[in-house]
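Written out below as structure tokens is the structure these notes cover.
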Amino acid sequence: MSNPHQAARYLSRKEASSYLLERHGVKRSYVYLATLASKGGGPLFRKDGPSRVIYTDVDLDAYAASVLSKPMRSTNEAA
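Here you go:
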């Protein structure tokens, strides 16, 4: 998780894809993040100009928490 006392880091879509995988093990390609930005259901983002999209590490952490299940000891717990 991000340090709440630090300013949020702004990441490009490619950086956001890498961050999700490296930090949380959540695999989302930058192309899929673009699809989610268009259709909904992805992490919150901001626009810097007409076409550049940026994400904050804080919003990416929240998104990862929302898509990951709670820890389980058995696949039977997922049912």
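Sequential numbering from 0 applies to the sequence shown in numbering that gives the first Met the number 0. Quick reminder that beta carbons are idealized off the backbone N, C-alpha and C, glycines included.
Next item on the list: Output yes if chain B places a C-beta closer than 8 Å to the C-beta of G24; else output no.
Entry: Checking the listed chains, one finds no chain B in this structure; it contains a single protein chain.
Checklist line | Classification of A15 by the beta-carbon crowding that lies within 10 angstroms, buried from 16 upward | finding: The residue labelled residue 15 in the question sits at position 16 within the sequence shown. Classification of A15: buried, given that the 10 Å Cβ count is 16 or more.
Next item on the list: Report the rounded CA-to-CA distance for V30 versus E76, giving the unit in angstroms.
Entry: Locating residue 30 in the sequence shown gives position 31, counting from the first residue. Locating residue 76 in the sequence shown gives position 77, counting from the first residue. When rounded, the distance between both Cα atoms is 32 Å.
Notebook entry, point to check: When the Cα of D47 is compared with those of A7, S11, R72, A6, which residue comes out closest?
Noted result: As a first step, residue 47 must be located in the sequence shown, where it is residue number 48. Taking only the C-alpha atoms, the option nearest D47 is S11.
Notebook entry, point to check: Any idea which residues DSSP pairs T55 with across the strands?
Noted result: Counting from 1 along the sequence shown, the entry for residue 55 is found at position 56. Note: T55 sits in a beta bridge opposite Y9.
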